[in-house]
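Each remark here refers to the structure printed beneath this line.
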Amino acid sequence: MPTSREERWNVVPVALLMLDADSHVLDANAEFLGLVGGASAVEVVGRRLSELLTVGGRIFWDTHIAPLLRVDGRVDEVAVELRTHDGREPVLLSAVERVCEDHHVIEVAMFRARERARFEHELVGARRAAEASERRVRALHSTAADLASVAGRDGVAWVLLRAAVSTLGAGDAALWLVEDDAALRRWGGAEGIVGPAPEELTGTSTRSAGAVVVPLRVAGALLGVLVLEPRRAASADPLDPVVLAAAGQQAALALARAALHEQSVSVAAELQRAMLDGALTLDPRVEVAAEYRPGVHELQVGGDWYDSYRVAPGRLALSVGDVVGRGLGAATAMGQLRTASRAVADSRAGPEQVLDRLDRFVENTGTGFMASLVYAQLDLDEGLLHYACAGHLPPLHVRADGTSAFLWDARSTPLGVRTAEPRASAAVQLARGDVVVLYTDGIVESRDRDLQSGLEVLLGAATDALVGTVDPALGLGALAERLVADAPEHDDSCVLALRWSGEPAREAGPDVAAQRAK
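Per the UniProt record's numbering, the sequence shown starts with residue 1, numbered consecutively.
Below, the structure is given as structure tokens:
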């Protein structure tokens, strides 16, 4: 075991040098001599250290390392290259300036850096790969989030084209979607983007000019093809086929989901039309118009309904109802309750009796509990309107002379809710040109106003539209459309408007006179 300093100097596995203040070599250990190719001490001692470095190392020593030593007294792990008999040898150099016997000396240590340089190179490569992978994940996550935010094939198409340019690195992009007749319909992109060839529909492929073709498939079915042109700037990165293939899978799933959604909307809308179409009775003595807007726009169905039908040749039934809930479930219950209301109505039953019969239907089936309903019967010849409200908002009576009022009589609990009080009805005599508006709560209720304010807004809007100076001849269809369009969008909205244009009764019997006076 070496005991003296000189012995330890020569056996440590580190290249050591002793320099004077001007960087001349005073001493070198055996490890250093072996590092430079087995040179003798005579060949090294007396030379400036910079002469033992490569040209780049010599410049770096003179301009950076030596000045740092004079200022700071040390440098640590500086990468330089030694000149050896076998070529260049990368080393990490550390040096400390000390005072020894009134002289300034510089002690230098060097470590081989080949393995470290390889490690750092691999580390840099791994870091770059990790950064590239992170960019890929971010791009795919952003694309997936954008695709998930839209419904319908049109929305998916435009989001995908935008993501191709903003997120996936394309300079331009065009999309071809497969239509029902198997033809490809083009979306976006400059005219110079050529459509996909048949051989490009099997998998992601790159064209000679750098464009990438991505077929969009789900379960083997081709839904579309995306063609992306690379950016032409000299510093632009090439398109990444791996990322584009993954984005294509996301887009294909979004297109399949959009197609299923559109099919669901079509079925739901057809169901709603089947339940409401044909609900308006045509008769020269009356004008009837209705408008409906669902609160769940994605399905285009809801629980509100309107209806008009004859219960006798000269008597017209009118109803507007609202089932508790939203969406397809509410629409199904609405259809059952609406059908039941037609089934239990007849010319011998007044509005209060129809509500009694509907109560029994709700109790027996469990359908439509707590639903609200306004039901009315109009004598087409006499203009006498009988009505009853089961938990529903009052009808609005807009008279031809410009006055208006809500019909607050004949009110009772919602359907299925029995009390000791029997159902009641009331009557109002219409004059030629009078309008009655039935509606659901979506027309008047809002998060930012109370019910009373909503009713006042409805009364003013209907009165101004029908008898105001701006448009006194406004049709009922336009009125219904306007009231629904102005209603808040968070709930179903329904309006049924009727204008009586028949001859009023010339002579009323005692029962009618009593009902008028009520």
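By construction, the Cβ of each residue, glycine as well, lies at the ideal position given by its N, Cα and C atoms.
Alpha carbons only, please: which of P90, R293, D181 and S50 is nearest the one belonging to A480? Just measuring C-alpha positions, the residue of P90, R293, D181 and S50 sitting nearest A480 is R293.
Please report the distance separating the alpha-carbon of R516 from that of L378. Residue placement at R516 cannot be trusted, given a pLDDT of 36 that sits under 50; the coordinates are not used to answer.
Continuous alpha helix (DSSP H) assignments of at least 4 residues falling wholly in the stretch 310–382: You should have 327–344 and 351–365.
E81 - partner residues in DSSP beta bridges: According to DSSP, E81 bridges with P90.
Taking the continuous alpha helix (DSSP H) assigned at residue 566, which residues delimit it? This structure gives no information on residue 566, because the portion of the chain shown stretches from 1 to 518.
Can you look up P394 in the DSSP assignment and give me helix, strand or coil? Per DSSP, reduced to three states, the secondary structure at P394 is coil, with no helix or strand assignment.
Distance between A259 and W176 (C-alpha atoms, nearest Å): Cα-Cα distance, rounded: 15 Å.
How is the beta strand (DSSP E) around L476 delimited, first residue to last? Unbroken run through L476 is the alpha helix (DSSP H), L476 to D486; no beta strand (DSSP E).
For P90, which residues of its own chain have a beta-carbon under 7 Å away from its beta-carbon, when the five flanking residues on both sides are left out? Within the same chain, and ignoring the five residues on either side of P90 in sequence, the residues whose Cβ sits closer than 7 Å to its Cβ are A79, E81, A113, R114 and A117.
Member of E134, L430 and G37 whose CA lies at the smallest distance from the CA of A400: Here the closest residue by C-alpha is L430.
From what residue to what residue does the beta strand (DSSP E) around G57 run? Annotation for G57: no beta strand (DSSP E) segment contains it, though the alpha helix (DSSP H) segment containing it runs V55 to F60.
Where L396 falls, given that 16 or more other Cβ within 10 Å makes a residue buried: By the 16-neighbour rule on beta-carbons within 10 angstroms, L396 is buried.
In its own chain, which residues sit with a C-beta less than 7 Å from the C-beta of L244, not counting the 5 before and 5 after it? Same-chain partners within the cutoff: L168, T204, V212, V214 and L228.
Range covered by the alpha helix (DSSP H) that runs through G43: Residue identity check: residue 43 is Glu in the sequence provided, not Gly. A41 to V44 is the extent of the alpha helix (DSSP H) around E43.
Nearest-angstrom Cβ-Cβ length linking E31 and L16, presumed shorter than 8 Å: Contact between E31 and L16 holds, since their C-beta atoms are separated by about 7 Å, short of 8 Å.
Taking the C-alpha atoms as reference points, what is the distance between G501 and R432? This sequence places Ser at residue 501; Gly is not what is there. So the two alpha carbons sit approximately 5 Å from each other.
Hey, L49 and S23: beta-carbon distance below 7 Å or not? Yes. Within cutoff.
Within 10 angstroms of the Cβ of I59, are there 16 or more other Cβ atoms? Answer buried if so, exposed if not. Around the beta carbon of I59, fewer than 16 other beta carbons lie within 10 angstroms, which makes this residue exposed.
Taking the alpha-carbon of R231 as reference, which of P488, E421, G210 and V444 has the nearest alpha-carbon? Selected option, being the one with the closest Cα: G210.
Look up G146 in the DSSP assignment and say whether it is helix, strand or coil. For the record, residue 146 in the displayed sequence is Asp; it is not Gly. The three-state reading of DSSP puts D146 in helix, counting H, G and I together.
Restricting to Cα atoms, I'd like to know which of A420, E489 and A485 is closest to R447. Comparing Cα-Cα distances from R447 to each of A420, E489 and A485, the minimum goes to E489.
With 16 other Cβ atoms within 10 Å as the buried cut-off, status of D76: Counting the other CB atoms within 10 Å of its CB gives D76 a total below 16, which places it among the exposed residues.
Going by DSSP in three states, residue 594 sits in which element: helix, strand or coil? Lying outside 1 to 518, the shown extent of the chain, residue 594 is not represented and no answer is given.
Leaving out the 5 sequence neighbours to the left and right, which residues in its chain are closer than 8 Å to G37 when beta-carbon positions are compared? For G37, where only same-chain residues beyond five positions count, the Cβ hits under 8 Å are T84, H85 and D86.
Mapping the DSSP letters down to three states, classify W187 as helix, strand or coil. Three-state result, W187: strand.
Under three-state DSSP, which class holds P241? In the structure shown, the three-state DSSP call for P241 is helix.
Roughly how many angstroms lie between the CA atoms of W9 and V42, to the nearest whole one? Spanning the two alpha carbons is a distance of roughly 17 Å.
Ignore the nearest five residues each way along the sequence and tell me which others in P472's own chain have a CB closer than 7 Å to its CB. Any reading at P472 must be qualified, since the residue scores a pLDDT of 44, below 50, and its modelled position is unreliable; the value itself is stated next. If the five residues before and after P472 are omitted, its C-beta is found closer than 7 Å to no C-beta atom of its own chain.
Less than 8 Å between the CB atoms is what I'm expecting for V45 and L26, so what's the real figure, rounded? Beta-carbon to beta-carbon, V45 and L26 are separated by about 7 Å, close enough to satisfy the 8 Å threshold.
Where the alpha helix (DSSP H) containing V71 begins and where it ends: Start and end: A66 to D72.
With distances taken from CA atoms, which of A333, L373 and G350 is nearest T365? Nearest option by C-alpha distance: A333.
Helix, strand or coil for T204? Go by DSSP, reduced to three states. Secondary structure at T204: coil, using DSSP grouped into helix, strand and coil.
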